[in-house]
Amino acid sequence: LSKVLLQPLEGIQRPALVSLLPSMTGDKTVMLDLGANVECSAQNLYEFAIMGSIFAENRLNLVYPRIALLNIGVEEIKGHQSIREAANLLEKSTALNYTGFIEGNLLLNGVADVIVSDGFSGNIALKTLEGAAKNLLSLLKGKQPIFKSFAKFILRFFFKDAYHRLKRINPDEYNGASLLGLTAVVVKSHGSANVDAFARAIADAALQARLQIPQKILAGLQRY
Numbered sequence: 044l045s046k047v048l049l050q051p052l053e054g055i056q057r058p059a060l061v062s063l064l065p066s067m068t069g070d071k072t073v074m075l076d077l078g079a080n081v082e083c084s085a086q087n088l089y090e091f092a093i094m095g096s097i098f099a100e101n102r103l104n105l106v107y108p109r110i111a112l113l114n115i116g117v118e119e120i121k122g123h124q125s126i127r128e129a130a131n132l133l134e135k136s137t138a139l140n141y142t143g144f145i146e147g148n149l150l151l152n153g154v155a156d157v158i159v160s161d162g163f164s165g166n167i168a169l170k171t172l173e174g175a176a177k178n179l180l181s182l183l184k185g186k187q188p189i190f191k192s193f194a195k196f197i198l199r200f201f202f203k204d205a206y207h208r209l210k211r212i213n214p215d216e217y218n219g220a221s222l223l224g225l226t227a228v229v230v231k232s233h234g235s236a237n238v239d240a241f242a243r244a245i246a247d248a249a250l251q252a253r254l255q256i257p258q259k260i261l262a263g264l265q266r267y
């Protein structure tokens with residue numbers, strides 16, 4: 044509906060859902076597509092990389108952000124043909140800081156500033172991270188039956204530092220995925236968002252409007 048009403052920016056075939064991921068280093072990572080496009084061509088992935096790079100530059104104040112393609116391995120022969128072709132396109136672009144493939148186990152480790160994938164893989168990866176984070180937080184808060192009395196106290200005492208680090212990757216703190224590539228700001232809130240999470244999505248939309256993200260992307264497309 045957003046694509047029909049607002050229209051894509053000139054030079055963009057498909058808009059992509061993007062969100063900021065936390066990392067264990069304390070930095071944030073831009074990831075797209077998170078579900079808007081189940082199947083993507085190499086050109087689509089290349090355009091996502093451009094939009095993600097521009098978004099990271101303006102939203103996170105980064106210079107020459109590192110771009111990685113989500114894949115099942117780091118070897119050049121791994122993955123679908125579209126992913127390998129997208130890698131070739133990115134390698135040829137000196138304006139983009141492409142660093143290679145990234146596997147799912149490093150999504151929160153701060154090894155890339157922009158992570159690019161098709162919407163099918165990206166959505167599964169995001170929801171897997173959300174579920175794992177919420178389950179771990181629930182365990183450390185002692186809401187599960189395995190945490191009782193003294194055992195609960197001991198585990199929380201020894202893992203309190205890990206608990207505070209895990210709180211930084213609470214999905215509620217990062218609610219709202221932006222639909223990049225349209226002529227105006229669109230932020231999609233998670234269906235299970237609580238009041239605070241929904242408020243953060245609204246605040247993020249307002250910030251993007253003030254930063255003029257669609258206009259910055261349109262201007263940036265001309266550079267690439």
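Residue numbers (this note's numbering): 44 to 267. We treat Cβ as the ideally placed atom computed from N, Cα and C, and that holds for glycine. Remember, predicted model here, so these are calculated numbers, not experimental data.
Contact between the region 105-116 and the region 231-245: three or more CB pairs below 8 Å? A contact between stretches requires three or more CB pairs, one per stretch, nearer than 8 Å, and the region 105-116 fails this requirement with the region 231-245.
What did DSSP end up calling A111 once you bin it into helix, strand or coil? When DSSP states are grouped into helix, strand and coil, A111 belongs to the strand group.
Classification of L48 by the beta-carbon crowding that lies within 10 angstroms, buried from 16 upward: L48 comes out exposed.
Exposed or buried, which one is N56 when buried takes at least 16 other CB atoms within 10 Å? At residue 56 the sequence reads Gln, which differs from the Asn that was named. The residue is exposed, with fewer than 16 neighbouring Cβ atoms inside 10 Å.
Would you call the region 160-168 and the region 80-94 touching, i.e. three or more CB-CB distances under 8 Å? With the cut-off at 8 Å, the region 160-168 and the region 80-94 touch.
Rounded C-alpha distance that separates E173 from L64: Linking E173 to L64 through their CA atoms gives a straight-line distance of about 10 Å.
Euclidean distance between Cα positions of I245 and V230: Using only the alpha carbons, I get a separation of about 8 Å.
What did DSSP end up calling Y267 once you bin it into helix, strand or coil? Y267 falls in the coil class under three-state DSSP.
Buried versus exposed, by CB contacts within 10 Å (16 or more), Q258: Exposed is the call here.
Would you mind reading off the limits of the beta strand (DSSP E) that contains V17? For the chain, the structure presents residues 44 to 267; residue 17 sits outside this window and is missing.
Use the C-beta contact count for R253: other C-beta atoms within 10 angstroms, 16 or more gives buried, fewer gives exposed. So R253 ends up on the exposed side.
Per DSSP, G54 forms a beta bridge with which residues? Note: G54 sits in no beta bridge, so no partner.
Please report the distance separating the alpha-carbon of I97 from that of I260. Here the alpha carbon of I97 sits roughly 6 Å from the alpha carbon of I260.
Pick from E128, N114, D247 and K170 that is closest to E90, judged by C-alpha positions: Checked all of E128, N114, D247 and K170; the closest Cα to E90 is E128.
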